[in-house]
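Enquirer: Pasting a structure here, questions to come.
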Amino acid sequence: MNIAKDIFYVGVNDRQIDLFEGQYIVPNGMSYNSYAIVDEKIAIMDTVDAAFTEEWLGNIKTVLGDKKPDYLVIHHMEPDHSANIANFVNEYPEAKIVSSAKAFSMMKNFFGTDFSDRQIVVGGNDTLSLGRHELTFVTAPMVHWPEVIVSYDSTDKILFSADAFGKFGALDAEEDWACEARRYYIGIVGKYGAQVQLLLKKAAGLDIQTICPLHGPILSENLGYYLNLYNIWSSYQTETDGVVIAYTSVYGNTKKAALKLAEMLKAKGYPKVAVNDLARCDMAEAVEDAFRYGKIVLATTTYNGEIFPFMREFINHLTERNFQNKTVGIIENGSWAPLAAKVMKEMLEKSKNLTFTETTVKIMSALNAESSAQLETLADELCK
Ligand code: FEO
162 MNIAKDIFYV GVNDRQIDLF EGQYIVPNGM SYNSYAIVDE KIAIMDTVDA
212 AFTEEWLGNI KTVLGDKKPD YLVIHHMEPD HSANIANFVN EYPEAKIVSS
262 AKAFSMMKNF FGTDFSDRQI VVGGNDTLSL GRHELTFVTA PMVHWPEVIV
312 SYDSTDKILF SADAFGKFGA LDAEEDWACE ARRYYIGIVG KYGAQVQLLL
362 KKAAGLDIQT ICPLHGPILS ENLGYYLNLY NIWSSYQTET DGVVIAYTSV
412 YGNTKKAALK LAEMLKAKGY PKVAVNDLAR CDMAEAVEDA FRYGKIVLAT
462 TTYNGEIFPF MREFINHLTE RNFQNKTVGI IENGSWAPLA AKVMKEMLEK
512 SKNLTFTETT VKIMSALNAE SSAQLETLAD ELCK
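If you're matching positions, the sequence shown starts at 162 in the numbering used here and goes up one per residue.
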C-alpha cells in the first residue's frame with residue numbers, strides 16, 4: 162500500500178488478539194501500523210507487536226528488496242509498537258534509532274540496552290533530512306505515554322501521529338471510524354485530554370494532508386471531521402445530545418426501573434437514549450457512551466453497605482479518565498438501608514462540573530407508585 166510516491170505501509174493486521182492492552186475486546190482485531198519512507202536515506206517508522214516479527218520484517222524486505230534502512234524511528238515505546246526494536250537491530254545492524262530521550266531510557270528497561278551506539282535523540286522540532294523528505298519531530302507527552310513524539314513530513318504534508326487518531330480494528334475491518342476510534346480514545350487516551358489539546362494546537366500550525374496513525378486507517382480526506390472529533394473528545398465536550406442509563410441489577414428490579422426511565426424519555430421525545438447493563442455489556446462501550454452523551458443516569462443496588470461491584474468499577478473508569486461536564490441522575494435500590502446514592506455521589510465528588518438532578522429515585526426492593534412518580538419527575542428534568 163502506497164501512502165505517497167515513496168512511502169509504503171509495512172504494518173500488520175492482528176486477527177488473533179483476544180484483549181488489546183490486556184482489557185479491551187477487539188472483535189475486528191487490531192492493526193499495528195508501520196511505514197517505510199524510501200528516499201535517498203530510508204526510514205522505517207515504528208515496529209509492530211511481538212507476535213508479528215517475521216511478517217513485519219518480511220513486509221520491509223518486500224518494499225526495500227536489497228536496500229537497507231538507515232533509520233528506525235520510534236514514536237512510542239508501548240510494546241505494540243516497540244517490541245521488535247532489538248529484532249530490527251539484529252537484522253539491520255547499521256541502522257540508527259531515532260527517538261526521544263525518554264524512549265531510550267525505556268528501551269533500557271525493555272531490552273537491557275539503550276542502543277547508545279546508534280542513538281539519535283530528537284524532540285522539540287528537531288529535523289532529519291532523508292533527501293526529498295524532511296521529518297520534524299515534536300514531543301507529545303502523555304498521548305498517551307510520556308516519551309511520545311510525533312513527526313511531520315513537510316514534503317508530503319504527512320503527520321505520523323503515534324497513537325493519536327488510532328482506532329480498534331484491523332485495516333480490513335469494514336466499520337465506522339468514529340465508533341471504534343471513540344472507544345479507543347476514551348478508553349486509552351481519555352485521561353489525557355489536556356495533553357491531546359496541546360498536540361492539537363501544535364498540529365494546527367502545520368499544513369497536514371494525511372495522518373498516519375499507529376493503529377487504524379490512514380486518514381487523507383476530510384481531515385476536519387477527525388480533528389473536530391478529537392477536539393470534542395479531548396476537551397470533554399458533549400458529542401451527542403442524549404442520555405445514557407448505566408445500571409446493575411441483581412434480581413431485575415433495578416433493571417425494570419432503568420428500562421422504564423428509557424421508555425419515559427423516548428415517549429417524551431428525547432432524541433437519543435442508550436442503556437447499558439454494566440454486568441453484561443462491554444465496559445469500554447459503556448465508558449465511551451458516558452463521555453459521548455451529555456447526561457447520564459446511574460442505577461444500582463446497595464450491596465454490602467456499598468454499591469454493586471460493576472457500578473463501582475464503572476465509576477472508577479469514569480473518574481480515572483477525568484469525567485466532567487455532565488448532568489447526572491441517580492436511581493438507588495436497597496431493600497432495608499439504601500446507601501447507593503450517597504456512595505455514588507461520594508465517588509464522583511472530585512469530578513469537575515457535574516450537575517446532579519434534583520430528583521434522586523429511591524427504590525425499596527421494587528418499583529411502586531412513589532418511585533415510579535420519581536422516575537417520571539427525573540425523566541422530565543432530563544428532558545429540560
Ligand atoms: Fe498503540 Fe499506546 O500503544
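Even for Gly, the Cβ is constructed at its ideal location relative to N, Cα and C.
Taking 6 angstroms as the cut-off, is the CB of Glu341 close to at least one heavy atom of the ligand FEO?
Expert: Checking every heavy atom of the ligand FEO against the Cβ of Glu341, none is found closer than 6 angstroms.
Enquirer: Once DSSP output is grouped into helix, strand and coil, what is the label at Gly292?
Expert: Correct three-state label for Gly292: coil.
Enquirer: Which two residues bound the contiguous alpha helix (DSSP H) that contains Gly354?
Expert: Element bounds for Gly354: Gly354 to Ala365.
Enquirer: Return helix, strand or coil for Val311, following the three-state DSSP convention.
Expert: In this structure, Val311 counts as strand in the three-state DSSP scheme.
Enquirer: The alpha helix (DSSP H) with Gly385 in it runs from where to where?
Expert: Gly385 -> alpha helix (DSSP H) spans Leu384 to Ser395.
Enquirer: Using a Cβ-based criterion (distance less than 6 angstroms to any ligand heavy atom), does Leu375 qualify as near the ligand FEO?
Expert: Leu375: yes, Cβ under 6 angstroms from the ligand FEO.
Enquirer: Please report the Cβ distance between Thr115 and Glu493, rounded to the nearest whole angstrom; I am assuming they are in contact, meaning their Cβ atoms lie under 8 angstroms.
Expert: Residue 115 lies beyond the residue range present for the chain, which begins at 162 and ends at 545; the question has no answer from this structure.
Enquirer: Relative to the C-alpha of Tyr397, which candidate in Gly330, Thr274, Leu515 and Lys362 has its C-alpha closest?
Expert: Considering only alpha carbons, the answer is Leu515.
Enquirer: Do Ala435 and Val458 have their beta-carbon atoms positioned less than 7 angstroms apart in this structure?
Expert: No, the pair does not count as a contact, with Cβ atoms beyond the cut-off.
Enquirer: Skipping 5 residues on each side, what residues in its chain have a beta carbon closer than 6 angstroms to that of Lys229?
Expert: Closer than 6 angstroms at the Cβ level, and outside the excluded window around Lys229, lie Tyr253.
Enquirer: Looking at the secondary structure, which residues open and close the beta strand (DSSP E) in which Gln280 lies?
Expert: Unbroken beta strand (DSSP E) run through Gln280: Gln280 to Val282.
Enquirer: Suppose you measure from the CA of Asn270 to the CA of Glu449; what does that come to, to the nearest Å?
Expert: About 33 angstroms.
Enquirer: Within a Cβ cutoff of 8 angstroms, which residues of the same chain sit near Phe326, ignoring the five residues on either side of it in sequence?
Expert: Excluding sequence neighbours, Phe326 sits near Ala342, Ile372, Pro374, Gly377, Leu380, Tyr387 and Tyr391.
Enquirer: Return helix, strand or coil for Asn174, following the three-state DSSP convention.
Expert: Strand at Asn174.
Enquirer: Terminal residues of the continuous alpha helix (DSSP H) containing Ala530?
Expert: Residues Ala530 to Cys544.
Enquirer: Okay, do the region 305-321 and the region 354-374 touch, 3+ Cβ pairs below 8 angstroms being the bar?
Expert: The region 305-321, when compared against the region 354-374, does touch it at the 8 angstroms Cβ threshold.
Enquirer: Nearest to Lys433 by alpha carbon, out of Tyr454, Thr415, Leu439 and Lys416?
Expert: For Lys433, the nearest C-alpha among the options comes from Tyr454.
Enquirer: Short of 7 angstroms in beta carbon distance, which residues of its chain neighbour Met303, apart from the five on each side in sequence? Order them along the chain.
Expert: Cβ neighbours of Met303 beyond the five flanking positions: Tyr353 and Gln356.
Enquirer: State the CB to CB distance for the pair Ser315 and Glu295, rounded to an integer number of angstroms; the pair is presumed to be in contact (CB under 8 angstroms).
Expert: The pair is a contact, with the Cβ atoms about 5 angstroms apart (cut-off 8 angstroms).
Enquirer: Should Thr223 go down as buried or exposed, given a rule of 16 or more other Cβ atoms within 10 Å for buried?
Expert: Thr223 comes out exposed.
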